[in-house]
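Following the numbering used here, the numbering of the sequence shown begins with 278 at its first residue and continues without gaps. Ideal Cβ positions, reconstructed from N, Cα and C, are used throughout, including at glycine. Predicted model only: the values in this text are computed from it and were never measured. Have a look at the structure below before the remarks.
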Amino acid sequence: MDNYNPSVYTERVNEAIQILRGEVMPNFAHKVESAVDILSLPSSVTDKVDENDFIDASRLVYNGVRGHSKFEEDVDSDIEWEIMDVRASNQLRPDSTTTEIDEYPEISGITNTREAMEKLP
């Protein structure tokens, strides 16, 4: 993220990374360690593994990473802003009309490249 200019997107990504590193991943690591410890014991003790707890910890990691990747979708692209600007400027002047000026009246009526080549001297 050091290569990106500071913006709302980079701030949100950095916040998500801090949450993943500080809370979600340590919780997941703890759940994995305890599950591995229990599974390494004799089979009579392995019934104590709480699968739902492990699944919840895995889901937190998945949602954290998935949410991080969706941040990019939330950022408006330059094209979206340009389209909105054009629409806004058109709405400000609804009564105005544009007059097109033919800059090259001697070649008017040309609609494709073939016609233009035929009219060349």
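Near the ligand ZN: residue i beta-carbon under 7 Å from a heavy atom
i    : result
L318 : With respect to the ligand ZN, the structure shown offers nothing to examine, as it has no ligands at all.
Beta-carbon spacing of residue i, residue j below 8 Å
i    : j    : result
M302 : V338 : yes
Same chain, Cβ closer than 7 Å to residue i, neighbours up to 5 away in sequence not counted
i    : result
I296 : G341
A334 : N304, F305 and K308
Residues near residue i by beta carbon distance below 8 Å, same chain, minus five either side
i    : result
Y281 : T287
D314 : none
I425 : Here the chain comprises residues numbered 278 to 398, so residue 425 is not present and cannot be evaluated.
For a minimum of 4 consecutive residues, which ranges assigned as the alpha helix (DSSP H) are wholly contained in the stretch 285–345? Complete alpha helix (DSSP H) runs here, min 4: 285–296 and 302–316.
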